[in-house]
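**Student:** One structure follows; several queries about it will come next.
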Amino acid sequence: MQTDKSQSSIIVIFTLVALSVITYINCLPNQFVYDDTSTIVGNRFIEQWGNLKLFFTQDYFKYSGELTFRPLVTLSYFVDYSLWGKNPMGYHLVNVLLHTMNVVLLYFLIRVCLCHCSNSFLMKTTFSPVNGPSYSGIAFVVCIFFAVHPVVTEVVNLVSYREDLIATAFLIASLLCFFCYRERGIANSLSVSIQRGSVWCSVIALVAYFLALFSKESSIVLPALIVVFDLLFYTDTRNENATSLQKNDRRWKRFLRIVCSPFFLGYLGISAFYLILRFIVFHSPDEKFVYPEGSIFVTMLTTTKVLGRYILHMFLPFNINADYHVLFLKSPFMLSFIIPFFLLVAILVIALRLIKGIDCPSDGLGREKAALPKKNRIVFFGIAWFFISVLPVLNIVPLANIMADRYLYFPIIGFVLVIAVILAHLRITIKLPLIISLVIFYCVITVAKNNLWRDEFSLWTHSSRSTFCSFTTYNNLGTQYKKKGYPDAALRCYDKALEKADEVGFTKYAAVYYNRGNVYEQKGLLEQTVAAYNKAIRLKPNYKEAHNNLGKVYFTRGQYDNALKEYQAAITIDPDFAYAYNNLGVLYNRIGKQDKAKAVYEKALIIDPHYADAFYNLGNIYETNGQYDLALKEYRFALKADPSRAHVHNNMGAIYDRKGLLDEAVVEYQQAIQIDPSYAYSYNNLGASLSRKGDLDGALAVFQKAVDLHPDQPDFRFNLGYALLKKGDLDKALRELETVLKISPSHVEGLSHAGLVYYELGQKERATALWQKALEVNPNHGRTMKFLETLSGE
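Going by my numbering, the final residue of the sequence shown carries number 880, and the count climbs one at a time with no gaps.
Quick look at the structure:
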């Protein structure tokens with residue numbers, strides 16, 4: 087390129103990068119939301135690089151959190167976890183950078199694409215009302231619209247929807263290499279010498295397409311886009327006087343030459359190979375293809391409405407939502423079908439009018455002689471790009487979500503191409519204000535939308551305010567209210583979720599009953615809890631989580647046989663359900679079957695070697711049996727799996743205390759307190775260790791802290807009173823011990839030591855009465871018997 091053109095390109099690229107980053111920079115502090123909780127937060131699969139060996143096995147679906155085979159996306163999570171751990175800012179940063187990279191790649195793609203539309207390879211550098219718009223100018227407008235359009239916010243903000251970002255990057259790269267291979271002259275105009283590298287261009291194009299497919303299956307539309315482009319811009323029209331029939335015949339021959347070319351056959355071969363892998367070799371057992379209402383006719387009617395909404399959202403992106411409520415259409419005689427149907431018919435008529443008279447003089451090489459790109463053909467290609475790209479998400483193969491804005495990330499490129507070309511051919515006094523106004527308009531909405539993805543509560547609260555939100559929105563919002571401690575609000579949301587689910591005929595909504603059970607359990611309403619879990623199981627008999635939670639409720643109620651039955655049902659459904667094995671171990675331990683408890687804890691740890699609860703529970707068994715070294719070993723494993731568990735440090739301190747290692751015990755209790763400053767038991771145990779070490783002042787301070795945290799815990803108050811007694815402060819000691827007896831009148835140690843204080847104060851009758859009452863509670867209490875013997879010997 088000439089120097090000024092190179093500098094212009096650098097400025098354009100810098101502007102695009104800056105605009106993309108600035109528009110999405112406010113999404114970086116956002117938390118993990120929606121599907122991120124299963125794909126990232128609760129996904130231990132991505133934490134170990136050794137799990138890569140499972141990528142090409144059926145275990146991929148079990149552990150990856152993906153319903154479809156997208157190994158490249160999962161690989162990106164491995165990389166992210168190795169860099170950022172579970173810090174969401176790093177993951178969001180990667181998404182923003184991927185989107186920015188796509189914007190830059192798209193800029194080069196559109197420039198190359200427009201160059202292909204004409205035999206003039208000298209790129210103009212300004213918007214000129216005389217000479218027409220420049221290729222770089224149109225490409226710039228396309229990219230700024232793509233960079234900031236609100237429809238793409240869902241893909242950029244949600245980490246678990248990264249597949250669209252990665253797939254689009256590879257699709258654009260494949261198209262770029264295809265164009266370079268297709269026309270070396272274009273590459274030369276961009277100062278890229280590929281005279282000896284056309285083979286490499288074809289190889290890279292095919293590899294990029296292959297990687298795009300393994301990022302998202304909708305990438306399979308790429309060969310169709312190439313065919314349409316070649317037919318539009320490389321039509322052989324050497325005989326201008328040929329009849330229409332002859333021209334149509336040449337088009338068919340051209341089509342056959344395209345699809346039979348070695349390069350295109352490479353695309354088809356990769357597509358066939360991928361389809362075999364996707365639907366036969368690596369097909370998820372949980373993926374079901376069921377049409378809404380069981381009818382293709384209903385699906386097609388509904389899809390027409392959905393397509394109309396997509397087009398409306400691209401023009402007027404006001405009612406964009408994270409989850410849509412789509413009522414199924416059962417008749418074509420409804421306005422919600424008729425209006426979008428005629429809209430689509432109108433677009434089809436306009437598209438056909440655009441390519442009327444498509445054949446034009448050529449230079450004998452299959453290229454048009456016109457010095458400028460044919461605007462009509464470019465607009466038609468943009469329309470074709472959108473409709474071809476959106477085909478895979480139109481429920482021809484049924485999708486879990488019949489409508490989602492993330493499906494438009496790649497198709498919207500066609501839309502913005504059409505808008506940019508139309509605007510570029512307006513007068514400069516009109517187009518510049520329009521472009522600037524649209525960019526500002528899109529940016530304001532996008533920045534505001536980014537804030538809505540800040541956290542789960544913000545996302546679902548905003549989503550619920552839209553009439554277009556689905557039953558899933560209310561289900562998720564109810565879960566957030568439950569987490570925040572508002573169970574009644576959660577139940578109201580679940581009622582609304584059931585109401586909305588009924589509107590679309592979804593009568594087997596097991597998840598909402600499961601969540602209702604969780605709320606009832608939180609409220610202590612065990613009868614309603616059991617009823618809700620049983621309802622979830624009736625709707626979905628293989629609902630392992632519902633069986634497991636129902637088992638926990640039965641365990642709480644002491645119905646151990648029922649609990650055992652439910653845990654075993656959960657394990658039967660999923661033999662690798664580590665949580666159910668752990669709960670089964672707790673049950674076995676409660677009913678005295680410690681050997682069985684140890685066995686199922688060990689099974690849980692085989693399934694999940696990082697399961698902290700199982701390590702902790704196994705340590706408890708060893709501790710109960712006096713096998714302190716084995717218990718300490720399991721507790722250390724538990725802390726390695728989850729260092730935030732204060733109670734594990736507390737238990738380790740208790741073991742060191744029993745072994746007489748008071749310094750080690752003090753360290754463990756202090757670590758527990760550091761992790762959880764409100765953990766009163768560690769303060770109490772720390773006080774006991776300090777007291778045994780002779781540090782009464784330190785013991786009194788932490789005993790007081792334990793009492794402050796739990797004023798109604800009699801043992802904490804007794805320990806405080808006993809320490810005061812040892813220190814000789816009888817009045818304060820008596821006050822604490824009397825409080826112990828008010829809380830728990832039969833507290834033996836409280837009765838015995840309160841009697842001792844009264845004895846020291848000279849009130850022997852009161853002391854005798856308390857000691858006698860202590861012996862009524864525990865006739866074998868040795869210390870009290872010694873006190874009475876001492877008193878009777880005086």
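Glycine is no exception: its CB is placed at the ideal position from the N, C-alpha and C atoms.
Taking the beta carbon of L53 as the centre, do at least 16 other beta carbons fall within 10 Å, making it buried, or is it exposed?
**Tutor:** Because the chain spans 87 through 880 in this model, residue 53 falls outside it and cannot be assessed.
**Student:** Buried or exposed: where does F265 fall if 16 or more other Cβ atoms within 10 Å of its Cβ makes it buried?
**Tutor:** Within the sequence shown, numbered from 1, the residue matching residue 265 stands at position 179. Its Cβ being crowded by 16 or more others within 10 Å, F265 is buried.
**Student:** So V103 packs on Y495, CB below 8 Å; how close in whole Å?
**Tutor:** For the purposes of this step, residue 103 is taken as residue 17 along the sequence shown, with counting starting at 1. For the purposes of this step, residue 495 is taken as residue 409 along the sequence shown, with counting starting at 1. With a Cβ gap of about 19 Å, V103 and Y495 do not count as contacting.
**Student:** Which residue marks the beginning of the alpha helix (DSSP H) containing S878, and which one marks its end?
**Tutor:** Taking the first residue of the sequence shown as 1, we reach residue 878 at position 792. G868 to S878 is the extent of the alpha helix (DSSP H) around S878.
**Student:** Using the DSSP secondary-structure output, state which residues sit across from C555 in a beta bridge.
**Tutor:** To locate residue 555, count along the sequence shown from 1; it is residue 469. The partner list for C555 (beta bridge, DSSP) reads Y410.
**Student:** Does DSSP put Y665 in a helix, a strand or coil?
**Tutor:** Residue numbering aside, residue 665 sits at position 579 when the sequence shown is read from its first letter. In this structure, Y665 counts as helix in the three-state DSSP scheme.
**Student:** For the alpha helix (DSSP H) containing I312, name the first residue and the last one.
**Tutor:** For this step, residue 312 is matched to residue 226 along the sequence shown. I312 -> alpha helix (DSSP H) spans L308 to F319.
**Student:** Whose CA, out of Y567, L584, A583 and A664, lies closest to the CA of A576?
**Tutor:** On the sequence shown, residue 576 is found 490 positions in, with the first residue counted as 1. Cα-wise, what sits closest to A576 is Y567.
**Student:** Hey, out of D781, I829 and F300, whose CA is closest to L796's CA?
**Tutor:** For the purposes of this step, residue 796 is taken as the residue at position 710 of the sequence shown. The question names Leu, but residue 796 is His in the sequence shown. Minimum Cα distance to H796 is reached at I829.
**Student:** Should I230 and V525 be called a contact, given that it needs their Cβ atoms to be closer than 8 Å?
**Tutor:** Reading the sequence shown from its first residue, position 144 is the one you call residue 230. Reading the sequence shown from its first residue, position 439 is the one you call residue 525. Cβ distance < 8 Å, so I230 and V525 count as in contact.
**Student:** Could you please give the first and the last residue of the uninterrupted alpha helix (DSSP H) stretch that includes N805?
**Tutor:** By 1-based counting over the sequence shown, the position of residue 805 is 719. Looking at the DSSP string, the run of the alpha helix (DSSP H) that includes N805 is P800 to K813.
**Student:** Quick one, are the C-beta atoms of S301 and F232 less than 8 Å apart?
**Tutor:** Residue numbering aside, residue 301 sits at position 215 when the sequence shown is read from its first letter. Residue numbering aside, residue 232 sits at position 146 when the sequence shown is read from its first letter. No, these two residues do not count as a Cβ contact at 8 Å.
**Student:** Note down the Cα distance separating R602 from S556, rounded to an integer number of angstroms.
**Tutor:** Sequence index remark: in the sequence shown, residue 602 carries index 516 (1-based). Sequence index remark: in the sequence shown, residue 556 carries index 470 (1-based). Those two C-alpha atoms are separated by around 18 Å.
**Student:** Measuring only the C-alpha atoms, how far is A860 from L877?
**Tutor:** Mapped onto the sequence shown, residue 860 falls at position 774. Mapped onto the sequence shown, residue 877 falls at position 791. Roughly 15 Å separates the two Cα atoms.
**Student:** Contact between the segment 169 to 184 and the segment 152 to 160 is defined here as three or more beta-carbon pairs at a separation below 8 Å; is this criterion met?
**Tutor:** Flag = no, the segment 169 to 184 and the segment 152 to 160 do not touch.
**Student:** Just verifying my parser: in three-state terms, what is the DSSP assignment at G176?
**Tutor:** Locating residue 176 in the sequence shown gives position 90, counting from the first residue. G176: helix per DSSP, three-state reduction.
**Student:** Whole-angstrom Cβ separation of Y560 and K582, contact assumed at under 8 Å?
**Tutor:** Taking the sequence shown and counting its residues from 1, the one referred to as residue 560 is at position 474. Taking the sequence shown and counting its residues from 1, the one referred to as residue 582 is at position 496. Between K582 and Y560 the Cβ distance is about 4 Å, and since that is below 8 Å, they are a contact.
**Student:** CB L434 to CB N462, shorter than 8 Å?
**Tutor:** Against the sequence shown, residue 434 aligns to sequence position 348. Against the sequence shown, residue 462 aligns to sequence position 376. For L434 and N462, no; Cβs fall outside 8 Å.
**Student:** Tell me the DSSP secondary structure of F723 in three-state form.
**Tutor:** Walking along the sequence shown from the start, residue 723 turns up at place 637. Helix at F723.
**Student:** Enumerate in chain order the residues of its own chain whose CB-to-CB distance from V190 is below 7 Å, with the five nearest sequence positions on each side excluded.
**Tutor:** On the sequence shown, position 104 is the one that residue 190 refers to. Only I99, L102 and V103 meet the Cβ criterion.
**Student:** In terms of residues, what are the limits of the alpha helix (DSSP H) holding H399?
**Tutor:** In the sequence shown, the residue the question calls residue 399 occupies position 313. Its alpha helix (DSSP H) spans residues I382 to F401.
**Student:** Excluding five sequence neighbours on each side, which residues of the same chain lie with their C-beta closer than 6 Å to the C-beta of Y629?
**Tutor:** Stepping through the sequence shown from its first residue, residue 629 is reached at position 543. If we look at Y629 and ignore the five residues flanking it on each side, its Cβ neighbours are A596, A622 and I623.
**Student:** Under three-state DSSP, which class holds Q849?
**Tutor:** Position 763 of the sequence shown holds residue 849. Residue state, collapsed to three classes: coil.
**Student:** Please classify I272 as buried or exposed, where buried requires at least 16 neighbouring CB atoms within 10 angstroms.
**Tutor:** Counted from its first residue, the sequence shown places residue 272 at position 186. The pLDDT assigned to I272 is 42, lower than 50, so where the model puts this residue is not dependable; a value taken from the coordinates is nonetheless given after this. With 16 or more Cβ atoms within 10 Å of its Cβ, I272 is classed as buried.
**Student:** Hey, quick one: how far does the alpha helix (DSSP H) through P519 stretch, first residue to last?
**Tutor:** The count along the sequence shown starts at 1 and reaches residue 519 at position 433. Counting along the chain, the alpha helix (DSSP H) containing P519 begins and ends at I514 to L538.
**Student:** How many Å lie between A919 and V834 at the Cα?
**Tutor:** As shown, the chain starts at 87 and ends at 880. That puts residue 919 outside it, with no answer to give.
**Student:** Measuring alpha carbon to alpha carbon, tell me which residue in C579, K586, D574 and E585 is nearest E607.
**Tutor:** The residue given as residue 607 occupies position 521 in the sequence shown. Cα-wise, what sits closest to E607 is D574.
**Student:** If you draw a straight line from the alpha carbon of L670 to that of A683, how long is it in whole angstroms?
**Tutor:** Indexing the sequence shown from 1 puts residue 670 at position 584. Indexing the sequence shown from 1 puts residue 683 at position 597. L670 and A683: Cα-Cα distance of roughly 7 Å.
**Student:** Measure the alpha-carbon distance for K885 versus Y646 and round it to whole angstroms.
**Tutor:** With the chain represented from 87 up to 880, any question about residue 885 goes unanswered, as that position is not in the structure.
**Student:** Could you check what DSSP says for Q144 in three-state terms: helix, strand or coil?
**Tutor:** To locate residue 144, count along the sequence shown from 1; it is residue 58. If DSSP states are grouped into helix, strand and coil, Q144 belongs with coil.
**Student:** Just list the alpha helix (DSSP H) runs in the segment 476 to 519, keeping only unbroken ones of 4 residues or longer that don't cross its boundaries, in chain order.
**Tutor:** As far as the segment 476 to 519 is concerned, its whole alpha helix (DSSP H) runs of at least 4 residues are 498 to 510.
**Student:** Leaving aside the five residues before and after E720 along the sequence, list all residues of the same chain whose C-beta is less than 8 Å from its C-beta, in chain order.
**Tutor:** Here residue 720 is taken as the residue at index 634 of the sequence shown, counted from 1. Around E720: F701, Y702, L704, G705 and Y708.
**Student:** Rounded to whole angstroms, what is the Cα-Cα separation between N137 and F723?
**Tutor:** For the purposes of this step, residue 137 is identified with residue 51 of the sequence shown, where counting begins at 1. For the purposes of this step, residue 723 is identified with residue 637 of the sequence shown, where counting begins at 1. Whole-angstrom Cα-Cα distance: 21 Å.
**Student:** Who are the Cβ neighbours of S777 in its own chain at under 7 Å, not counting the five residues just before and after it?
**Tutor:** Along the sequence shown, read from residue 1 onward, the residue named residue 777 stands at position 691. Excluding residues within five positions, the ones whose Cβ falls inside 7 Å are A785 and A809.
**Student:** Specify the secondary structure class of Y697 as computed by DSSP and reduced to three states.
**Tutor:** Against the sequence shown, residue 697 aligns to sequence position 611. Three-state DSSP puts Y697 in coil, outside helix and strand.
**Student:** Hey, how far is the Cα of G836 from the Cα of L842?
**Tutor:** Within the sequence shown, residue 836 is the residue found at index 750, counting from 1. Within the sequence shown, residue 842 is the residue found at index 756, counting from 1. Approximately 10 Å between the Cα atoms of the pair.
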